[in-house]
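Down below is the structure, laid out as structure tokens.
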Amino acid sequence: MTADVKKETLGFQTEAKQLLHLMIHSLYSNREIFLRELISNASDAIDKLRFAALSDDSLLEGQGDYRIRVDVDQEAGTLTISDNGVGMSREEAVEHLGTIAKSGTAAFLENLTGDQQKDSQLIGQFGVGFYSAFIVADRVEVHTRRAGEPADAGVLWESHGESEFSVEPRARAERGTSITLYLKPDCTEYADDFRVRSVIKKYSDHISVPVEMLKPATPAAEGEEEEQPAAPEYEAVNEATALWTRPRNEVSDDEYKAFYSHVSHDFDEPLTWSHNKVEGKLEYTSLLYLPKRAPFDMWNRDMARGLKLYVQRTFIMDEAEQFLPLYLRFVKGVVDSNDLPLNVSREILQQEGSVESMRGALTKRVLDMLAKLAKKGGEDYAAFWKEFGQVLKEGPAEDFANKEKIAKLLRFASTHTDKPEQDQSLEDYVSRMAEGQEKIYYVVAENFNTAKNSPHLEVFRKKGIEVLLLSDRVDDWLMNHLGEFDGKPLQDVARGALDLASESEEEKAAQEQLQKDSEGLVERLAKVLEAQVSEVRATARLTDSAACLVVGDHDMGAQMRRILEAAGQPVPDSKPILEVNPRHPLLQMLDAESDEDRFADLTHIVFDQACLAEGGQLEDPASYVSRLNKLLLAMSKS
């Protein structure tokens, strides 16, 4: 830090201003979480220095004992949290304390409702970190120096939590960071030693670094003067033992929940967790959590994700994504290995054979957690599915080895209930299959109502055969990769020719006769629509509708085509098949129509309506409207 650098005032990033405002006005009912957040940040700073010191021990500056200290001053109305971790340079202080770098910020802000209780929950999902200081303070000072830098490279960052902050040089002998909170008049309880100790025990008992406070003075005996210690004496307030290293029967549910808050920065309690120690060929401990709510950046496949990695209780890295597949990116927790080298890097993790074995075992453990949750039934699994179901649907394509396990966890809407809730499993479906039914039938559409009212379902409803109603964007892709379940093929009812094993010989004969009787009409329709369809054929799948569109056996489904088109990706050329119901009055009218121009107009209307019924878009809406108006006018004159 050069001597000519003076104090500089800068403005907060726009999103940071909005978050600060919410911090101050929306979390008044849960103020004490600020201390949990700041101590967690201090612990992370120490973990980062531990890791960096593995390759450069000069960063320790001769002091290898890590600690966090919390000091209170009732007279001044201040609270100070200090750590001897990695610290920050001036540029890092501006970047980390003046902006919100976490992806998903825009989505977070869009979801704010103006309701304090609901916004408080959203803030918890987002993770508030340093900004939580302004819940209780109307002024915050951060005095920091990066490890390895000279004493005069220290920085003082200061803000009143409004629109600006300042940074200036300030020498600091010790590496690390001290955050001093000038408490608001109604928050002076956090300058009380007993109150602060109770909050630390509540939220930070599991932190593996000692969180220290000044030892209370021992009252002097009667008639004796109180002895003053030569130097302040600090004592650890927390257990300072890595929670995952303790036996499960010695860890309470409240401690597990508090540790989840530490690793996830989530205000909500976890849905469930699994703590497991593996011994044998590989030795490692894992503590895995399922959150209740999805983070705002879950759909960003490049988001930071993964478990906290420790090697022999030494922190190595955040977001070690190598230990779980992408479709389980919502899982939080830690993994502590005794087999990996302390100098392991992301590149080395990619090549370590033991990592692949751990990845397989941890993946199965998460799937077993979900299976256990699903077996219990009730609201917990329904809540999980609502938040993370679409992500889990990515699993069969990414994880062939666990395809059956994942398939049992999937949930869908179905004609069994005709409700939009996705609460029916494939096992439920199989248990209700009709006698002689050999396939699991499903229909894919743009939304639930389109799926529920699809003309493709008419014959299935008539015969009492259940059909899964799929409307998530990932569903078509999912079913193509899943293929079958419990030995029963999955069949898209809108793909290929209708093949119902339950059809009687009389029904098959009637269908053959229907096709023979309608050959003339089918030929006329095919001639008019030769540019739009690959084939026209009579069908028995329709009972109420005049026509429907069918995808060829080897063609891409309509939903997948729409997804690729929206992404600007090339889509293979193919035309749908038009299936018509010759018994329908509209088709009978068409068959009797002798005016070829009128026949062509009516044929195009039938085709366009079949497109609309499946949720598709018309290539030429204006022509459709023109033909329909022309038909209506002709009817009014007749």
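Quick note on UniProt numbering: the sequence shown kicks off at 1 and runs consecutively. Using N, Cα and C, we set each Cβ at its ideal position, and we do this for glycine too.
Quick check on DSSP: helix, strand or coil for residue i?
i, result
"Lys508", "helix"
"Leu10", "strand"
"Phe296", "coil"
"Gly85", "coil"
"Pro489", "strand"
"Ile68", "strand"
"Leu183", "strand"
"Glu458", "helix"
"Asp336", "strand"
"Arg537", "strand"
"Gly395", "helix"
"Met213", "strand"
"Ala413", "strand"
"Ile465", "coil"
"Asp573", "coil"
"Asp138", "strand"
"Thr78", "strand"
"Thr177", "strand"
"Glu149", "coil"
"Val155", "strand"
"Asp73", "strand"
"Leu500", "coil"
Does the Cβ of residue i have 16 or more other Cβ atoms within 10 Å, making it buried, or fewer, making it exposed?
i, result
"Pro582", "buried"
"Ile348", "exposed"
"Phe400", "exposed"
"Phe599", "buried"
"Asn402", "buried"
"Trp157", "buried"
"Lys452", "buried"
"Trp299", "exposed"
"Thr218", "exposed"
"Val580", "buried"
"Gly464", "exposed"
"Glu596", "exposed"
"Ala258", "buried"
"Thr603", "buried"
"Gly11", "exposed"
"Ala93", "buried"
"Ser55", "exposed"
"Met317", "buried"
Which same chain residues end up closer than 8 Å to residue i when comparing Cβ atoms and leaving out the 5 residues on each side of it in sequence?
i, result
"Glu255", "Asp205, His206 and Leu243"
"Leu269", "Note on residue identity: the sequence assigns Glu, not Leu, to residue 269. The residues are Lys257, Tyr260 and Lys292."
I'd like the list of long-range same chain contacts for residue i, defined as Cβ closer than 7 Å, with 5 residues on each side in sequence excluded.
i, result
"His416", "Gln424, Arg432 and Glu466"
"Cys187", "Arg31 and Val136"
"Asp476", "Val444, Gly557, Gln559 and Met560"
"Phe388", "Ala294 and Phe330"
"Leu370", "Leu409"
"Asp73", "Ala191"
How would you write the range of the beta strand (DSSP E) that residue i sits in, first residue to last?
i, result
"Val443", "Ile440 to Val444"
"Lys277", "Thr272 to Val278"
"Pro621", "Looking at the DSSP string, Pro621 is not in any beta strand (DSSP E); the run it does join, the alpha helix (DSSP H), is Pro621 to Lys637."
"Ser166", "Glu164 to Pro169"
"Lys308", "Leu307 to Val311"
"Ala547", "Ala547 to Val550"
"Ser286", "Tyr284 to Leu290"
"Ala236", "Tyr234 to Ala236"
The alpha helix (DSSP H) spanning residue i covers which residue range?
i, result
"Ile316", "Not the alpha helix (DSSP H): Ile316 falls in the beta strand (DSSP E), residues Thr314 to Ala320."
"Ile348", "Arg346 to Gln351"
"Tyr256", "Asp253 to Ser264"
"Leu525", "Glu519 to Val528"
"Trp477", "Asp475 to Leu482"
"Ala613", "Glu596 to Ala613"
"Tyr203", "Asp193 to Ser204"
"Met556", "Note, Met556: premise wrong, no alpha helix (DSSP H); not H, not E."
Short of 6 Å in beta carbon distance, which residues of its chain neighbour residue i, apart from the five on each side in sequence? Order them along the chain.
i, result
"Arg495", "Val551"
"Phe460", "Val467"
"Gln125", "Any reading at Gln125 needs caution, since the residue's pLDDT is 42, under 50, leaving its predicted position unreliable; the model's value is listed next. Around Gln125: Arg293."
"Asp555", "Ser574"
"Lys102", "Low confidence applies here, because Lys102 scores a pLDDT of 44, under 50, leaving its location unreliable; read the following figure in that light. There are no such residues."
"Ala613", "Pro455"
"His262", "Ser40"
"Lys393", "Val474 and Leu478"
Following a CB-centred definition, is residue i positioned closer than 8 Å to any heavy atom of the ligand SAM?
i, result
"Asp47", "The ligand SAM is absent from the structure shown, which contains no ligand whatsoever."
Open item on the list: Would you call the segment 328-343 in contact with the segment 358-368, where contact means no fewer than 3 C-beta pairs closer than 8 Å?
Closed with: With the cut-off at 8 Å, the segment 328-343 and the segment 358-368 touch.
Open item on the list: Is it the case that the segment 548-561 contacts the segment 511-525, given that we only count it when at least three CB pairs across the two stretches are under 8 Å?
Closed with: These segments do not touch.
Task: Inter-stretch contact (C-beta, 8 Å, three-pair minimum) for the segment 74-83 and the segment 166-181 - done: Yes, the segment 74-83 touches the segment 166-181.
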